Structures are given as structure tokens and as C-alpha cells.
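Positions 150 to 398 (my numbering) are the ones given, in order, by the sequence shown.
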Amino acid sequence: MVLTSKNNPLIRETIALQDKKGRKRLGLFLVEGVKMTRECLKSGLEVERVFVAESYEDKDGFLSAIQDKTVLVSDDVFARISDEKTPQGVLCRVKIPQTPLQSPTGACLVLDGVADPGNIGAIIRTANAAGYKEIYLTRDCVDAYSPKSVRASMSGVFFTTLYQADREDILSVLQGTSVIVADMRGENLFTFQAPKQFALVIGNEANGVSETFKKAATHTVKIPMESTQESLNAAVSAGILMYNLKKFS
């Protein structure tokens, strides 16, 4: 059977997942595209439903393993639930992991009020690549499970553990962990030697790291820049910091 109505309850519910309110209410987020779906299935996250456009051809049969969760929809309906400009014809509803806040087991990342979904996704992507598997997000961070963030993470969101909590609660589980904050008055990143276990704090794009984390910092580092350039993009800064701090730890 092919679903052809945009007013079908399942379709309307899926459309609601494009918004944070809907994701919070249902405990689900959207994953779109063939490559992202493949990676999501590999990660072990729970895929609750898969929507396939009527025109999509599953040439290598990779969806056969989850055929019982597959819903076939018309191309018009798929275009409505899709967040892509050029949909590939595959979209999943995935359960948002519910992981209790706990202390890190190695070098970790703290996102302190990061507001742009593209930035947060790109940072998660780099964190996964650089081996920062535990990421703590303050309550005022943008939703890491928004379609734009998930897309920008390029599967990183599947393979990292995300915790979201108040700043004070995050600091409570970082007891005994060195807290490294980036600030232009800090020590040169390229000569600084990081401890083996640390938490790197990345601040808000406009306002930087909050006073709460600045006061808790055990180390402050800076990325040296020419005087003609005031700052770097948050995701770019995060990437430079993550890789350079890890090389000594």
C-alpha cells in the first residue's frame, strides 16, 4: 500500500519532527538520505520507521533488513516530510538516545550555548573524527537533533554520546577533569601541552564561553591570529583546538 495523503496521522506526526517541540514530544528525530540511513543502521541506534518514496529504487537491497518498518509513500508525500531540496527518497524516524549524565572516560567536549545548527553539526562531525566521543551540551545550545544539525554532522551524531544538562550539572560530572577554555588572553595553543584527560569548552558564536565555565577553567588557550582578523568560525576553531590538544594527550 502507498500512502498518498499528507493528512495521514503518521505523516503529520513525522512532519512535526522537523520542529524541536515535536522531537521532544515524540522522542524521535529524522535521518534522511541513503548514506545517512546506512550509517544510522550501522550505529545501532533504534530506527523506528523508514519512509521510502514510490519512485526510489533500492538497487542493492540494503533496506530489506528493515522491511517490516518500511512505509511506502507517494513522491508528493515524501517531499512534504523531507527537509532536503533534492530528496533521495529515503527517510528514517530514529529514537533519540536517553543517556543519564555521567563523567567522561577520556578527552571530551563541552558545547556552551552554541546557537547555530550548522555549527553544532559540524563540531560533532569533527569531534567524532578526532576521537571526542562524549559531548556535553548546555541547555541553551541549539538542538543537535534538528534536521540541519544531523545533516551537518555527517553521521557524527550516531557515533558520539550526547548529554544535555545545566552548566552546574555538567561541571559536577567534570570533577577531576581539567577544563580547557579558549580565550584570546590564553596560552598559545601550539605550545600548550594538554593533560591526558580534559574537557574542551566551545562557546557561543557571538558571546564566547560563559562566565560559569571561565571561572571553572583550569587552563586557557588561544589560537594565534593576525591582528587583521578578530575571530574564527566556531566550528573551525573547535576543529583546530580538538586536533591540536589531542596530539599531546
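Positions of the beta carbon are idealized from the N, C-alpha and C atoms, including for glycine.
Because the structure is a prediction, the values reported are computed rather than measured.
- For Thr219, the three-state secondary structure derived from DSSP is strand.
- Between the stretch 270-285 and the stretch 208-228, the count of C-beta pairs closer than 8 Å stays below three; the two stretches do not touch.
- Excluding the 5 residues flanking it on each side, Val196 has same chain C-beta neighbours closer than 7 Å at Cys189, Leu190, Ile215, Lys218, Cys241 and Val243, in chain order.
- DSSP places Cys189 in the uninterrupted alpha helix (DSSP H) bounded by Val183 to Ser192.
- Note that the C-beta distance between Ile164 and Ile245 is not below 8 Å.
- In the DSSP secondary-structure assignment, Cys257 is bridged to Ala348.
- Each of Met150, Pro296 and Val183 was checked against the Cα of Gly171, and the nearest Cα belongs to Pro296.
- In this structure, the CA atom of Glu206 is about 9 Å from the CA atom of Gly238.
- The Cβ atoms of Leu258 and Leu349 sit closer than 8 Å to each other.
- Secondary structure note for Phe200: its beta strand (DSSP E) is the uninterrupted segment Val196 to Ala202.
- Shown here for Phe178: same chain residues with a beta carbon closer than 7 Å to its own, the five before and five after excluded, namely Leu166, Arg172, Val243, Ile245, Tyr294 and Val299 in chain order.
- When DSSP states are grouped into helix, strand and coil, Ser304 belongs to the coil group.
- For Thr275, the enclosing alpha helix (DSSP H) stretches over residues Pro266 to Ala279.
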